[in-house]
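Here is the structure we will look at.
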Amino acid sequence: MATPVLDKVEAESAASPYITVTMRIRRFNPEISDASVWEDFQIEIDPKERVLDALHKIKWDVDGTLTFRRSCAHGICGSDAMRINGKNRLACKTLIKDINPEKPITVEAIKGLTVLKDLVVDMEPFFQAYRDVMPFLVTKGNEPTRERLQTAEDRERFDDTTKCILCAACTSSCPVFWNDGQYFGPAAIVNAHRFIFDSRDEAGEQRLEILNDKDGVWRCRTTFNCTDACPRGIEVTKAIQEVKRALITRRF
Amino acid sequence: MSADTTSSAAIGPVEGAVYDVDNPAPYIEAPRKRTGKTPKATRGNFEMAAWLFMRLSGVVLVVLVLGHLLIQLFLDGGVSKIGFAFVAGRWASPFWQVWDLLMLWLAMLHGANGLRTVINDYAERANTRLWLKGLLYTATVFTILLGTLVIFTFDPNIR
Numbered sequence: 001m002a003t004p005v006l007d008k009v010e011a012e013s014a015a016s017p018y019i020t021v022t023m024r025i026r027r028f029n030p031e032i033s034d035a036s037v038w039e040d041f042q043i044e045i046d047p048k049e050r051v052l053d054a055l056h057k058i059k060w061d062v063d064g065t066l067t068f069r070r071s072c073a074h075g076i077c078g079s080d081a082m083r084i085n086g087k088n089r090l091a092c093k094t095l096i097k098d099i100n101p102e103k104p105i106t107v108e109a110i111k112g113l114t115v116l117k118d119l120v121v122d123m124e125p126f127f128q129a130y131r132d133v134m135p136f137l138v139t140k141g142n143e144p145t146r147e148r149l150q151t152a153e154d155r156e157r158f159d160d161t162t163k164c165i166l167c168a169a170c171t172s173s174c175p176v177f178w179n180d181g182q183y184f185g186p187a188a189i190v191n192a193h194r195f196i197f198d199s200r201d202e203a204g205e206q207r208l209e210i211l212n213d214k215d216g217v218w219r220c221r222t223t224f225n226c227t228d229a230c231p232r233g234i235e236v237t238k239a240i241q242e243v244k245r246a247l248i249t250r251r252f
Numbered sequence: 001m002s003a004d005t006t007s008s009a010a011i012g013p014v015e016g017a018v019y020d021v022d023n024p025a026p027y028i029e030a031p032r033k034r035t036g037k038t039p040k041a042t043r044g045n046f047e048m049a050a051w052l053f054m055r056l057s058g059v060v061l062v063v064l065v066l067g068h069l070l071i072q073l074f075l076d077g078g079v080s081k082i083g084f085a086f087v088a089g090r091w092a093s094p095f096w097q098v099w100d101l102l103m104l105w106l107a108m109l110h111g112a113n114g115l116r117t118v119i120n121d122y123a124e125r126a127n128t129r130l131w132l133k134g135l136l137y138t139a140t141v142f143t144i145l146l147g148t149l150v151i152f153t154f155d156p157n158i159r
């Protein structure tokens, strides 16, 4: 008795997987106006597709002026972080069906950075903070002839923070960063953490000194927005607190 | 992508639009850009000390304030017992003098530091920040000095 019902449902859904979704996109074009406006697009899309596919559909079939960044489209390059339904996410890792397609899906640029056009922001301040924490291996002495060895436990210590893809979802979800943009931001601290706790690196003290700044780790209010926003599941707030603890325990 | 002005009408005409391809809307300066106005990096331990102070004073204040409230409001008849004589009797003992002095200083500095961070986080213009912090520091210093003065110069025989 249950079998025919199941067949019918399957047949129906196989017939047309498409649903109509309203994409509400915050558009900004400095060549037209200095204000941004919300624009609605009705599109037919399979709910199992991603928000990025919806944006592609709009750009390729409806309005070619829609501007956004994306490179790999598979959650690795970190180009397409945007604010989808009020939360920072990667458009290429967010399925339409997971964000209630019955209501309009809002898409806007990430907050706290200057919008250049539509969903494209100026990432320079973000990368400036990243460069400030020296995100590269610093060592003294002679170069070894082979790779620098490390125990599995030493590698495990900073494993979580190696996952960062620099998408800026965390930094642009941080209310302290929104205020004046002087705060280093979660992403820069995560990438400092990756080297501070690396047993092969020898500039940990220097990085800690940089993050001891007025706008360094002490401005973190542990709101956990960054941990919620991270598309890689990095425990960002925990990493920031570990840097705080290192600052205190290494001094006293 | 080439700048296609005809199709960019998708955004819709804006009343009194003055911007076009040759005259785009002004670029909003990125906040973290290194300019002449950018404040120098601070290399002191003040923020760390302030952060630590908040944690430590908070723990001490839990004991001091809850003890204070318990004595003042619940034990021995509650609020009704509080009068000039009660205060004079308590401050005759150095123990309560130290308790109240410690509570005054820790609570005022703890609260002032908390408000300082709130101002840092919420005041957007440098001038607003300056004035709010000035007001805050003045009020804090005034209250601490006045309170300390009263605790040390309290005269139970005042007429």
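Chains A and B supply the protein sequences, listed in that same order. Under the UniProt record's numbering, think of the first position of the first sequence as 1, with each following residue one higher. Under the UniProt record's numbering, think of the first position of the second sequence as 1, with each following residue one higher. All residues carry an ideal CB built from backbone N, CA and C; glycine is no exception.
A/N225 is a Cβ neighbour of A/C174, given a cutoff of 9 Å.
The beta carbon of A/F177 sits closer than 7 Å to those of G112, T171, Y183, G185, all from its chain and outside the five residues before and after it, given in chain order. Taking 3 residues as the shortest admissible run, the segment 35-107 of chain A contains the following complete beta strand (DSSP E) segments, listed from N- to C-terminal end: 37-45, 81-84, 87-90. Using a Cβ distance threshold of 9 Å, A/L95 and A/P47 count as a contacting pair. If you draw a 10 Å sphere on the C-beta of A/N88, you find 16 or more other C-beta atoms in it, and that means buried. Taking 9 Å as the CB threshold, B/Y122 lines the interface with chain A. With a beta-carbon spacing of about 25 Å, A/L208 and A/A169 fall beyond the 8 Å limit used to define contacts.
Taking the Cα positions, A/D98 is about 11 Å away from A/I105. A check of alpha carbon separations from A/T65 across A/R83, A/V21, A/V120 identifies A/V120 as the nearest.
For A/R200, there is no enclosing alpha helix (DSSP H), as DSSP marks it with neither H nor E. The Cβ of B/Y137 sits no closer than 9 Å to any Cβ of chain A. Within the same chain, Cβ atoms closer than 6 Å to the Cβ of A/I25 are found at E39, V107, the five residues on either side in sequence being excluded.
Across the set A/K214, A/N179, A/G141, the C-alpha of A/N179 shows the shortest separation from the C-alpha of B/Y122. Look at B/L52: its C-beta is under 9 Å from a C-beta on chain A. Around the beta carbon of A/D132, 16 or more other beta carbons lie within 10 angstroms, which makes this residue buried.
B/I151 places its beta carbon less than 9 Å from that of B/Q97. A distance below 6 Å between beta-carbons, with the five flanking residues on each side excluded, links A/C220 to the following residues of its chain, in chain order: I240. Under the DSSP assignment, A/V217 falls outside any beta strand (DSSP E); it carries neither an H nor an E label. Residues of chain B with a Cβ closer than 9 Å to the Cβ of A/I248 are, in chain order, M48, W51, L52. Three or more beta-carbon pairs separated by less than 8 Å are not found between the segment 120-139 of chain B and the segment 64-83 of chain B, which leaves the two stretches without contact.
In terms of beta-carbon proximity, B/N127 stays away from the interface with chain A, with every pair separated by 9 Å or more. Looking only at A/R200, A/S71, A/D228, A/T222, the smallest Cα-Cα distance to A/G141 is reached by A/R200. Residues of chain A whose Cβ lies closer than 8 Å to the Cβ of B/N45 are, in chain order, N212, R251. When Cβ pairs closer than 8 Å are counted between the two stretches, the segment 68-84 of chain A is seen not to touch the segment 56-71 of chain B, the count staying below three.
A/E202 places its beta carbon 9 Å or farther from that of A/V115. Judged by DSSP secondary structure, A/K111 falls outside any beta strand (DSSP E); it is assigned neither H nor E.
Between B/P26 and A/T237, the alpha-carbon positions lie close to 35 Å from each other. Contact of A/W60 with chain B is not assigned, every C-beta pair being separated by 9 Å or more.
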